[in-house]
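Colleague: Chains as they are written, first to last, in the numbering used here: chain Y, 1 to 506; chain W, 1 to 177.
Dropping the structure in here first, questions after.
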Amino acid sequence: MFDGLIGFANSIWHFARPEVLLFALGGSLVGLIIGALPGLTATMGVALMTTLTLKLPSDQALLILICTYVGAIYGGSRSAILLNIPGTPASAASCLDGHALAKQGLAGRAMGIATSGSILGTWIGMFFLALFTPILGEMALKFGAYEFFWLAVFGVVISGNLTGTDPLKGWIAGFIGLFIAAIGQEGMYAYDRFTFGVHDLSGGIALIPALVGVFGFAEVLNVMKDKPQKFIINTYDTVIPKIRDVLQYWRTVIRSGLIGTFIGIVPGVGEDVAAWSSYAAARRASKEKEKFGKGSVEGLMAAETGDNACVPGAVIPVLTLAVPGSAPAAVLLAAMLIHGVRPGPLIMVENPTFVYDVVAMMFFASIGILIYGLVLTRLLVKILLVPRALIMPVIFVLCAVGSYAIASRPFDILVMLVFGILGLVMRSMNYPMAPLVLGIVLGDLLDKSLRRGLSLSDGDLTPFFGRPIAFVLFLLVLLTLLMNIPVARRVMGQGTALLLRPFRRA
Amino acid sequence: MDQTEAPPAAAEPAVSPRVDFWSSFVWIALGLAIAAISLGMDRMERFQASIYTAPGLVPGLLGLAIALMGAILLLRAVNAGALRPRRRRPLVLVEHWRLIFSLGLSLVYALVIVASALPFWLVTAVYVTTFVIVFQYAERRASRQVPRGIVVALVHGLLAGLVIQYAFEELFLVRLP
C-alpha cells in the first residue's frame with residue numbers, strides 16, 4: 001500500500017513541470033471539446049491525438065492521450081445535459097436525468113453533478129488501478145499460451161455480447177476483427193497471409209488507421225447523412241458542484257465507482273455499459289426510484305461516476321495483459337506500443353514506475369476536468385452550437401493526415417477509407433464496432449497462443465481445459481454463449497432456482 | 001433557433017430481417033472463402049514444423065466460425081420473416097444526397113492528396129470550402145446570406161489548409177503526402 005503511495009507521489013513529482021501540466025490541460029481541453037460534440041467519440045479523439053503526439057517523448061504523449069480520454073468521457077455529459085444528445089455513447093445514460101434537470105432550469109446544477117461524479121469516478125478508478133495492477137500483473141505472470149488463447153476468445157465474446165443489442169452480430173464483428181488481424185506476415189514463419197501479392201498488405205493492417213476509419217471517417221459520414229438539428233440552450237444556474245449532492249449520495253458514488261471500474265476491467269466492454277449498469281444499480285437501490293428519468297440527482301451522479309470510473313478500469317488490463325478494456329483503451333494500447341512502452345505481464349518487472357505514472361496522468365486529467373468544469377461552461381456552450389458542416393471536413397482532413405503520419409505510408413490513408421466505409425455499412429446494420437476493434441487488437445495474441453499451445457501439447461487439447469485459469473476463462477466463454485441460447489438460458493434458470501430453493505425456504 | 005427533442009440514448013435503428021438475410025450470405029461466403037484460402041496455405045512441412053503451427057490453422061478456424069455464425073444469422077432472418085413478400089420501397093438516391101456527396105467528396109480529396117502533386121494546403125482548402133458551401137447552402141439561401149456563406153467557407157477552408165499543413169510539417173515534423 002505504502003509502496004503504491006510513494007510510487008504515485010514520485011510520479012506526480014516527475015510530472016510537476018509547467019510544460020507538462022500545460023500538456024495535461026491541453027489534452028483535457030481537446031478531450032472535453034471532442035466529447036461534448038455529438039458525433040465525435042473518445043476513441044476518435046484518442047486516435048487523432050495519437051497521430052498528433054508522435055514526436056513527443058513517450059510520457060508526455062501518453063499524458064496527453066490519457067487526459068484526452070478522461071476529458072472526452074466527461075465532455076459527453078455537456079451535450080447530454082444541454083441538448084439531450086449524448087456527446088459520446090458513454091453519456092447516453094446521463095441524458096435521462098441530466099436533460100430533465102436542465103428542463104427544470106437546473107442545467108448548472110446538473111453540470112456540477114456531472115463534474116463531481118466524473119472526478120470521484122476517476123479517483124475511485126485510479127485507486128483500483130494502483131491497487132489491482134500490481135496484483136493482476138503478478139497473476140498474469142502465470143498466464144501461458146492456453147490462458148492467453150481463452151482470454152482473447154473471452155474478450156471478443158464478452159465484448160460482442162455487451163456492446164450492442166444483438167450478441168450474434170457482436171460476435172460476427174469480433175471474429176471479422178480477429179480475421180483482419182491475420183492479414184499480412186504471420187509471426188512464426190513470416191508467411192504472407194491474405195496479401196494477394198499486394199506488398200503493402202505484408203505489414204498487416206495498422207490499428208490506428210483502421211480505428212481512425214471506423215470511429216473517425218465513419219462518424220463524419222454518419223453525422224453528415226442526417227439533416228442538422230438546431231438547438232436552443234436554456235439559461236442555467238451555477239455550475240459549482242454542491243458538496244451536499246456528493247455527501248447525500250455517497251453510497252451511490254462508491255457503488256457506481258466500483259461497478260464502473262469492474263466493467264472497465266472486462267475486455268472490450270467500455271464506458272457506455274459502465275454508465276448504464278451503474279444507473280440501473282442505483283435505481284434498484286434507491287429510495288427515490290420514482291425520480292429516475294425525471295431529473296434524479298442520484299441517477300445522474302451514478303451514470304457519470306460509473307462511466308468515468310471505467311476509464312482507469314479499462315487501463316488495468318491494458319497494463320497487465322496488453323488487452324484493452326474499451327475501444328479508446330485499444331488506441332491507448334497501440335499508442336503505448338508506438339512509443340516503445342511494452343504493456344503486459346512483465347510490466348511490473350520491467351517498468352514498475354510506469355503504472356504509477358499512468359495513475360498520476362489520470363489524476364492530472366481529473367484536475368483538468370475540474371478546472372474546465374468550473375470555468376469553461378460558456379465557451380463550451382458556444383462550441384456546441386458551431387455548425388457540423390464547419391467541423392466535419394476538418395475532422396476528415398485530420399483523419400487522412402493522421403493515418404498517414406504514423407508511418408508516412410499513403411497506403412494507410414486507403415486503409416482508413418476502407419475501414420470508414422466498412423464501419424458505416426456495418427453500423428447501419430447494427431453491428432457494434434467495439435468487438436471489431438478488440439478483434440483486431442487480440443487477433444495476433446489468439447493466433448500465436450493457439451498455435452503455440454497446440455504445438456507444446458502436440459495437439460492434445462487437455463491443457464486448454466485442464467489448467468485452472470484456462471478452465472475458468474473457458475467456463476466464462478461457455479456461459480456467455482449459453483446465456484444467449486433461449487433453451488440453455490431456460491435450463492440454467494431452472495437449475496439455479498432449484499439450487500437456491502433450500503436457501504430461499506430458510 | 002428551435003429545439004428538437006432527440007432520443008436520449010444513441011438508439012440503434014431497427015434492421016429488417018431482409019437486410020440480415022442478405023448480410024448473412026456475405027458472411028457465409030467470406031467465411032468459406034477464408035477457410036478455403038487457409039486450407040491452401042503452406043504447412044511448412046519441409047521445415048519439419050508441427051502441423052499445429054501451420055499459418056492457415058487459425059484463419060481457417062476463424063473462417064469456419066464466421067461462416068457458422070452467418071448461417072445462424074440466415075436461419076434467424078428466415079424465421080423473422082425475411083422471405084415473406086413485402087412491398088418494395090424504391091431507392092431514391094436524392095434522399096441520400098448528403099451521404100453520397102460527403103462520401104464522394106471525401107474519397108476524391110483523399111485520392112488527390114495521395115496521387116497528385118498539388119500542394120496539400122490548396123487541396124485541403126478546396127475540399128473544406130466546397131464541403132461547407134454545399135452543406136450550408138440551403139440555410140444560407142433561406143436567410144439570404146449566400147455571398148457571406150461563401151466568404152466564410154473560403155476563409156475557413158484556407159485557414160484549415162494552412163494551419164494543418166503548418167502544424168504537421170513544422171510542429172510535428174511529418175512530411176505530408
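Quick reminder that beta carbons are idealized off the backbone N, C-alpha and C, glycines included.
All of these numbers come straight from a predicted model, not from anything done at the bench.
Quick one: grab the DSSP three-state call for R501(Y).
Modeller: Along the first sequence, one-based indexing puts residue 501(Y) at 501. Helix, per DSSP.
Colleague: For the candidate residues D307(Y), I316(Y), Q248(Y), whose alpha-carbon lies nearest to that of S296(Y)?
Modeller: Translated into the one-based positions of the first sequence, residue 296(Y) becomes position 296. When only C-alpha atoms are compared, the closest one is Q248(Y).
Colleague: Measuring CA to CA, which of L62(W), S106(W), A35(W) is closest to M392(Y)?
Modeller: Here residue 392(Y) corresponds to residue number 392 of the first sequence, with the count starting at 1. For the set L62(W), S106(W), A35(W), the Cα lying nearest the Cα of M392(Y) is the one of S106(W).
Colleague: Would you kindly work out how many angstroms separate the C-alpha atoms of M224(Y) and R501(Y), rounded to a whole number?
Modeller: On the first sequence, residue 224(Y) is found 224 positions in, with the first residue counted as 1. On the first sequence, residue 501(Y) is found 501 positions in, with the first residue counted as 1. Looking at the two C-alpha atoms, the distance is approximately 55 Å.
Colleague: Would you please verify whether the beta carbon of S143(W) is less than 7 Å from any beta carbon of chain Y?
Modeller: Reading the second sequence from its first residue, position 143 is the one you call residue 143(W). Not an interface residue.
Colleague: Where does W276(Y) land, buried or exposed, given buried means 16+ other C-beta within 10 angstroms?
Modeller: For this step, residue 276(Y) is matched to residue 276 along the first sequence. Flag for W276(Y) reads buried.
Colleague: Along chain Y, which residues have their Cβ under 9 Å away from the Cβ of V132(W)?
Modeller: By 1-based counting over the second sequence, the position of residue 132(W) is 132. In chain order: P387, A389, L390, P393.
Colleague: Would you identify the three-state DSSP class for Q185(Y), choosing helix, strand or coil?
Modeller: Counting from 1 along the first sequence, the entry for residue 185(Y) is found at position 185. Reduced to three states, the DSSP call for Q185(Y) is strand.
Colleague: Listing by chain order, which chain Y residues have their CB less than 7 Å from the CB of I150(W)?
Modeller: Along the second sequence, read from residue 1 onward, the residue named residue 150(W) stands at position 150. Going along chain Y, no residue has its Cβ under 7 Å from I150(W), so there is no contact; the nearest lies around 13 Å.
Colleague: Taking Cβ-Cβ distances shorter than 8 Å, what residues in chain W pair up with L384(Y)?
Modeller: Position 384 of the first sequence holds residue 384(Y). The contacting residues do not exist; L384(Y) stays about 12 Å from chain W at best.
Colleague: Chain W partners of Y249(Y), CB-CB under 7 Å?
Modeller: In the first sequence, counting from the first residue as 1, residue 249(Y) sits at position 249. The contacting residues do not exist; Y249(Y) stays about 21 Å from chain W at best.
Colleague: Note down the Cα distance separating L30(W) from L68(W), rounded to an integer number of angstroms.
Modeller: The residue given as residue 30(W) occupies position 30 in the second sequence. The residue given as residue 68(W) occupies position 68 in the second sequence. Whole-angstrom Cα-Cα distance: 11 Å.
Colleague: What number of angstroms, rounded off, separates the C-alpha of I469(Y) from the C-alpha of P267(Y)?
Modeller: Here the question's residue 469(Y) lines up with position 469 in the first sequence. Here the question's residue 267(Y) lines up with position 267 in the first sequence. Between I469(Y) and P267(Y), the C-alpha separation is close to 16 Å.
Colleague: For the region 388-407 of chain Y and the region 112-128 of chain Y, state whether three or more C-beta atom pairs, one from each stretch, are separated by less than 8 Å.
Modeller: no
Colleague: Quick check: the Cα distance between T252(Y) and M301(Y), rounded to an integer number of angstroms?
Modeller: By 1-based counting over the first sequence, the position of residue 252(Y) is 252. By 1-based counting over the first sequence, the position of residue 301(Y) is 301. About 8 Å.
Colleague: Within 10 angstroms of its Cβ, does L221(Y) collect 16 or more other Cβ (buried), or is it exposed?
Modeller: Residue mapping note: residue 221(Y) aligns to position 221 of the first sequence, counting from 1. It counts as buried.
Colleague: Buried or exposed: which applies to Q136(W), given that a residue is buried once 16 or more other Cβ atoms fall within 10 Å of its Cβ?
Modeller: Numbered from 1 along the second sequence, position 136 holds the residue referred to as residue 136(W). Label assigned to Q136(W): buried.
Colleague: Closer than 6 Å by C-beta to A181(Y): which residues in its own chain qualify, once you throw out the five before and the five after it? Chain order, please.
Modeller: Counting from one through the first sequence, the residue named residue 181(Y) turns up at place 181. I440, G443, D444.
Colleague: Suppose the cutoff is 6 Å on Cβ atoms and the five residues either side in sequence are ignored; what does the same chain contact list for P134(Y) look like?
Modeller: Numbered from its first residue, the first sequence carries residue 134(Y) at position 134. Cβ within range, chain order: M348.
Colleague: The region 49-82 of chain Y: which residues have C-beta closer than 7 Å to a C-beta of chain W, in chain order?
Modeller: L52, L54, K55
Colleague: Considering only residues of the region 119-166 of chain W, which uninterrupted alpha helix (DSSP H) runs meet the minimum length of 4 residues and lie entirely inside it, listed in chain order?
Modeller: The region 119-166 of chain W contains these whole alpha helix (DSSP H) runs: 120-142, 146-166.
Colleague: Could you check whether A82(W) and R18(W) sit closer than 7 Å to each other, using their CB atoms as the reference points?
Modeller: Along the second sequence, one-based indexing puts residue 18(W) at 18. Along the second sequence, one-based indexing puts residue 82(W) at 82. Against a cut-off of 7 Å, the Cβ pair of A82(W) and R18(W) comes out as a contact.
Colleague: Does any C-beta atom of chain W lie closer than 7 Å to the C-beta of Y404(Y)?
Modeller: For this step, residue 404(Y) is matched to residue 404 along the first sequence. Yes, because at least one Cβ of chain W sits closer than 7 Å to the Cβ of Y404(Y).
Colleague: Using 8 Å as the threshold, is the region 5-15 of chain Y in touch with the region 344-363 of chain Y, meaning 3 or more CB pairs across them?
Modeller: The count of Cβ pairs closer than 8 Å, one atom from the region 5-15 of chain Y and one from the region 344-363 of chain Y, reaches three, so the stretches are in contact.
Colleague: Taking only the alpha-carbon atoms, compute the straight-line gap between L54(Y) and L65(Y) and give it to the nearest angstrom.
Modeller: Working through the first sequence from its first residue, we reach residue 54(Y) at position 54. Working through the first sequence from its first residue, we reach residue 65(Y) at position 65. Spanning the two alpha carbons is a distance of roughly 11 Å.
Colleague: Please state the DSSP three-state secondary structure of R18(W).
Modeller: As a position in the second sequence, residue 18(W) is number 18, starting the count at 1. In this structure, R18(W) counts as helix in the three-state DSSP scheme.
Colleague: Going by the beta-carbon positions, is the gap between V70(Y) and A365(Y) smaller than 7 Å?
Modeller: Working through the first sequence from its first residue, we reach residue 70(Y) at position 70. Working through the first sequence from its first residue, we reach residue 365(Y) at position 365. For V70(Y) and A365(Y), yes; Cβs fall inside 7 Å.
Colleague: What's the call for K448(Y), buried or exposed, on a 16-neighbour Cβ count within 10 Å?
Modeller: Locating residue 448(Y) in the first sequence gives position 448, where the first residue counts as 1. Flag for K448(Y) reads buried.
Colleague: Closest Cβ-Cβ distance between Q136(W) and chain Y: below 7 Å?
Modeller: By 1-based counting over the second sequence, the position of residue 136(W) is 136. Yes, Q136(W) lies at the interface with chain Y (some Cβ there is under 7 Å from its Cβ).
Colleague: In the DSSP output, what is D192(Y) paired with across the bridge?
Modeller: Stepping through the first sequence from its first residue, residue 192(Y) is reached at position 192. BP columns for D192(Y) point to Q185(Y).
Colleague: Taking its Cβ as the centre, do 16 or more other Cβ atoms sit within 10 Å of K227(Y), making it buried, or is it exposed?
Modeller: Within the first sequence, numbered from 1, the residue matching residue 227(Y) stands at position 227. The Cβ neighbour count for K227(Y), taken over all protein chains shown within 10 Å, is under 16; the residue is labelled exposed.
Colleague: Counting beta carbon pairs with one atom in the region 152-170 of chain Y and one in the region 426-435 of chain Y, are three or more of them shorter than 8 Å?
Modeller: yes
Colleague: For F148(Y), which of V246(Y), G184(Y), P317(Y) has the nearest alpha-carbon?
Modeller: Within the first sequence, the letter at position 148 stands for residue 148(Y). Ranking the options by Cα distance to F148(Y), first place goes to P317(Y).
Colleague: What does the alpha-carbon distance come out to for the pair A9(W) and S91(Y)?
Modeller: In the second sequence, counting from the first residue as 1, residue 9(W) sits at position 9. In the first sequence, counting from the first residue as 1, residue 91(Y) sits at position 91. Low local confidence applies: a pLDDT of 43 at A9(W) is under 50, so the model's placement there is unreliable, and no value is given.
Colleague: Cβ closer than 8 Å: which chain Y residues qualify as neighbours of P55(W)?
Modeller: By one-based count along the second sequence, residue 55(W) stands at place 55. Near P55(W) (Cβ distances below 8 Å), the residues of chain Y are E186, M188, Y189, Y191, R193.
Colleague: In this structure, does DSSP put G344(Y) in helix, strand or coil?
Modeller: Walking along the first sequence from the start, residue 344(Y) turns up at place 344. The answer is coil: DSSP assigns G344(Y) none of H, G, I, E or B.
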